[in-house]
Amino acid sequence: MMCLSRACLVAATLALAAPSLAFDGGFAAVGEETSYYEQMAAGESLAPAPTADGAASGGLPTELYVVEAAGGVRYRDLGDGRWAVDIEVAPRPHERVDAVYDLVLALPLPLDSKSNAWRIAPRVGSHAGAAPFAYGGEEVVLKRNVPLEAAWLPLLAGAPNGLPELSSSDYVWTFWDAIVRYDPTASSTLQAFGSFRYTTPSWVRELDPEDPRNAAYVITWVPTLDAVPPFAIRLDVQAPAEE
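Heads up: the sequence shown is residues 63 to 305, going by our numbering.
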C-alpha cells in the first residue's frame, strides 16, 4: 500500500517475518479477478486527487471494511525492556484503481514505549538479500503519524466497524502512514517485510493471543472515494515462537 508520508508518523525498525505486507491493500476472493477497490469503484467517478496530506474532501472515514489474512503480528521480548514486533501478511492482489492511496498501519504498542527511529522501511526479497520496497519509483517509508492518531482514533476506536477499544490494557493504538500513487507498472501482487524495535517498562505484559481485540491492521484508504470504507487487513497476535 503506499509511498510518501503525510506529516509526522511511530517507533523503530520493522521486521516482517515471512511473506509480506501488502502495501496497497488489494483484496480479491478466490476465483475473482477484481479487487476490493475495483469492485467498489465500479460505476463511481473518482474525485480529483486529494491534497498533499491525503485528506479526503468528506473528512476522515468512520468505519473499516475488515478481512482476515494469513500471517499475523508477534511481539518478542529481547530482555532488559527491549522488544521487537514482527509482522507477516500473505501476498495480496495489487489494486488497479488509478488513484492516490493512503496506507495506514494501525499497530498496538505499550503506552510508554520509546524508540530511536519512529519509522518503518519495508523490504522485499529474502532476509539474506533484502532490498528497499519501491512503488511508483520511490522507496516506501512509513512514519508514525501522531496528528492522524489524534484526529482519527476518536472516530474509530471502539466504533462498531472500527478498531477494538484498548483502554483496559497497557497498550495504545499507533498509526503509521504513507501516501502512494497508483503504479500501473506494479506486478499483480505487492509484498514486503520488516522488523520494528522499541523499549518499554519491564512491567508491561505481553498481548494475549487468545484475545480477539489484540490485532494490527493494514489499512488502505482511497480519499477520493468518500463513500467507500477503507480496506483493512486484520493481523492477529501470534504466540511467541518457542525457543
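Note that the Cβ used here is the ideal one computed from N, Cα and C, for glycine as well.
Beta-carbon spacing of residue i, residue j below 9 Å
i	j	result
valine 203	isoleucine 295	no
leucine 215	tryptophan 235	yes
leucine 171	isoleucine 281	no
phenylalanine 293	tyrosine 127	yes
alanine 131	arginine 154	yes
glycine 199	alanine 193	no
alanine 221	glutamate 125	yes
Counted within 10 angstroms of its Cβ, other Cβ atoms place residue i as buried (16 or more) or exposed
i	result
leucine 173	exposed
alanine 240	buried
proline 123	buried
phenylalanine 89	Model confidence at phenylalanine 89 stands at a pLDDT of 40, short of 50, so the residue's coordinates are unreliable; what they give is reported in the following sentence. Counting Cβ neighbours within 10 Å, phenylalanine 89 comes out buried, since at least 16 surround it.
leucine 210	buried
aspartate 288	exposed
proline 184	buried
tryptophan 283	buried
alanine 104	exposed
Straight-line Cα distance separating residue j from residue i
i	j	result
isoleucine 149	leucine 225	18 Å
arginine 158	threonine 286	15 Å
glutamate 201	alanine 179	17 Å
aspartate 160	arginine 275	34 Å
leucine 269	serine 175	14 Å
arginine 136	leucine 297	10 Å
proline 302	alanine 212	31 Å
serine 231	valine 266	9 Å
Between the segment 134 to 148 and the segment 248 to 266, do at least 3 Cβ pairs fall closer than 8 Å? yes
Just list the beta strand (DSSP E) runs in the segment 225 to 286, keeping only unbroken ones of 3 residues or longer that don't cross its boundaries, in chain order. 233 to 243, 257 to 261, 277 to 283
3 or more residues per run - each beta strand (DSSP E) lying fully within the segment 138 to 198: 144 to 151, 162 to 172
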